[in-house]
Amino acid sequence: MMHRTQRQIRTDEPSVAAEALSVTHVTHGLTVEDSGEGFAFEERVRGTALLSLESTRCTGTLSGAVEPGRAMMIVWVKSGSAVVDDNPVKVGRPVLYRQDPQRFRWVDVQHDVLRIDRTIVEQVAAERGDWAPGPLEFRPRHVPEGAPLAAWWLMVRSVAQEVLQGPADVPVERERELARFAAGGLLTAIPHWPVGQHEPVMASTARFARAETFLLDHATEQITVNDVAEAAGLSVRGVQAAFQRHHGITPTMYLRRIRLLLAREQLEAGDDRSVAEIARATGFAHLGRFAGSYRQEFGELPRQTALAARE
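Taken in order, the sequence shown gives residues 194 to 504; the numbers are from this note's numbering.
Below, the structure written as structure tokens:
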């Protein structure tokens, strides 16, 4: 069994916040500063050495350098201003830290971090790419958009639910399986290849990776499982089994959930398009079924999301 450790701290003292961050991260030259308008810091961490999730909120300024170590560390900012290695971080987009130390500066920020065991990520990448396990390179400063970004959020929602709400003690094999699932979401979102190779046109060559890439590339089109199978050189049964193994759901369900996340992102943009126009643009041909699936997934109707975005 593995034990999911849990830590939570709230403080209005910058020195206490700095100490907490030094426990959670390997940091260099860390400074925590009060903005002068009332300092508040909160950090919550839960997980194991294979997989963990943390949330941080700070009204001051955090700066220094961070070193991921044995984990792949992916951060996404929910609000505030953030810079990594002098590059602004876009709110709502995942950013992968390099293995070596990187400078950061967070101002009045709220952000989450997902850590995945590096060896597991390399193993999953080798299986997906049909190459020998080993260190990986990722496309520098890549910001996922569209269907790959939706696939990332689909993974995060599933992982967060189990990590944050699951039991404190979990079988090692289940935790490893969940970490592999998280690794798949990362590898789908950010192009990668073995260290020492030039960036390929398509980093993943294994048949499941081809199936997943085809589905995401054509997510808003009227594709079928037969189309996915043909593109990957698999049988329909093989595609069904592969998606069940890698994502825990059928390819049809996976496609529908990707489309729903794409639709939600567009509805939250608050532009002048109608719900029907957005439904069609994201691959839904039947508005009533779209509304029902959307409510089941997000707990509200599409028009409610659209109205909230325009307020």
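We treat Cβ as the ideally placed atom computed from N, Cα and C, and that holds for glycine.
Model, not experiment: these values are computed from the prediction.
(message) Between the alpha carbons of ALA258 and ARG473, how many angstroms are there, rounded?
(response) 45 Å
(request) Report the three-state DSSP secondary structure of PHE374 (helix, strand or coil). (result) helix
(message) Less than 7 Å between C-beta atoms, sequence neighbours within five positions excluded: which residues of the same chain meet that for ARG373?
(response) ILE313, VAL317.
(message) Using only the alpha-carbon positions, how far apart do ALA325 and VAL429 sit?
(response) 27 Å
(request) Compare the beta carbon distance of GLU414 and GLY476 with 9 Å and say whether it is the shorter of the two. (result) Yes, Cβ-Cβ distance for GLU414 and GLY476 is below 9 Å.
(message) For GLU235 and LEU480, I'd like the C-alpha separation in whole angstroms.
(response) 42 Å
(message) So for PRO328, helix, strand or coil by DSSP?
(response) coil
(request) Could you tell me whether the Cβ atoms of VAL421 and PRO387 are closer together than 9 Å? (result) no
(request) Return the chain-ordered list of same chain residues with a C-beta closer than 7 Å to the C-beta of VAL336, the five sequence neighbours on each side being excluded. (result) Excluding residues within five positions, the ones whose Cβ falls inside 7 Å are LYS283, ARG286.
(message) Under DSSP, the beta strand (DSSP E) around ARG250 begins and ends at which residues?
(response) Here the beta strand (DSSP E) through ARG250 covers 244 to 260.
(message) In the DSSP output, which residue or residues are listed as bridge partners for VAL219?
(response) GLU260
(message) Mapping the DSSP letters down to three states, classify MET395 as helix, strand or coil.
(response) Its pLDDT being 47, under 50, MET395 is placed unreliably in this model, and the value from its coordinates should be taken loosely. The answer is coil: DSSP assigns MET395 none of H, G, I, E or B.
(request) Hey, could you find the ends of the alpha helix (DSSP H) ASP410 is sitting in? (result) 400 to 410
(message) Per DSSP, what are the beta-bridge partners of THR204 in this structure?
(response) Bridge partners of THR204: PHE234.
(request) Locate the beta strand (DSSP E) running through PRO387, then write down its first and last residues. (result) 385 to 387
(message) Contact between the segment 293 to 302 and the segment 361 to 381 is defined here as three or more beta-carbon pairs at a separation below 8 Å; is this criterion met?
(response) These segments do not touch.
(request) With DSSP collapsed to three states, give me the class of PRO281. (result) Here PRO281 carries a strand assignment [DSSP, helix/strand/coil].
(message) Let me check understanding here. Comparing Cα to Cα, which of LEU460, GLU493, TYR447 lies closest to GLU405?
(response) TYR447
(message) So, with DSSP's three-state summary, where would you put ALA501?
(response) helix
(request) Kindly list the residues whose CB is nearer than 8 Å to the CB of ALA469, restricted to its own chain and excluding five residues on each side of it in sequence; keep chain order. (result) Hits under 8 Å: LEU480.
(request) Determine the DSSP secondary structure at GLY240, reduced to helix, strand or coil. (result) strand
(message) Counting C-beta neighbours from all protein chains within 10 Å, is the total for THR498 16 or more, i.e. buried, or is it exposed?
(response) So THR498 ends up on the buried side.
(request) Would you tell me roughly how many angstroms separate the C-alpha atoms of HIS385 and PRO341, rounded to the nearest one? (result) Spanning the two alpha carbons is a distance of roughly 13 Å.
(request) Take the Cβ of GLN459 as the centre, count every other Cβ of all protein chains shown within 10 Å, and call the residue buried at 16 or more, exposed below. (result) buried
(request) Using 10 angstroms around the beta-carbon of MET194, count the other beta-carbons present and answer buried if the total reaches 16, otherwise exposed. (result) exposed
(request) My understanding is that ARG332 touches ILE383, with C-beta atoms under 8 Å, so please give their C-beta distance in whole angstroms. (result) 6 Å
(request) List the endpoints of the continuous alpha helix (DSSP H) containing GLN437. (result) 429 to 440
(request) Less than 8 Å between the CB atoms is what I'm expecting for ARG197 and ARG239, so what's the real figure, rounded? (result) 6 Å
(message) Do ASP310 and LEU244 count as a contact pair if the criterion is CB distance below 9 Å?
(response) It is a contact, given that the beta carbons lie within the stated cut-off.
(request) Take PRO207 and list the residues in its own chain whose beta-carbon comes closer than 7 Å to its own, dropping the five residues that flank it on each side. (result) VAL225, GLU226, ASP227, PHE232, GLY253
(request) Consult DSSP for GLY476 and reduce its assignment to one of helix, strand or coil. (result) coil
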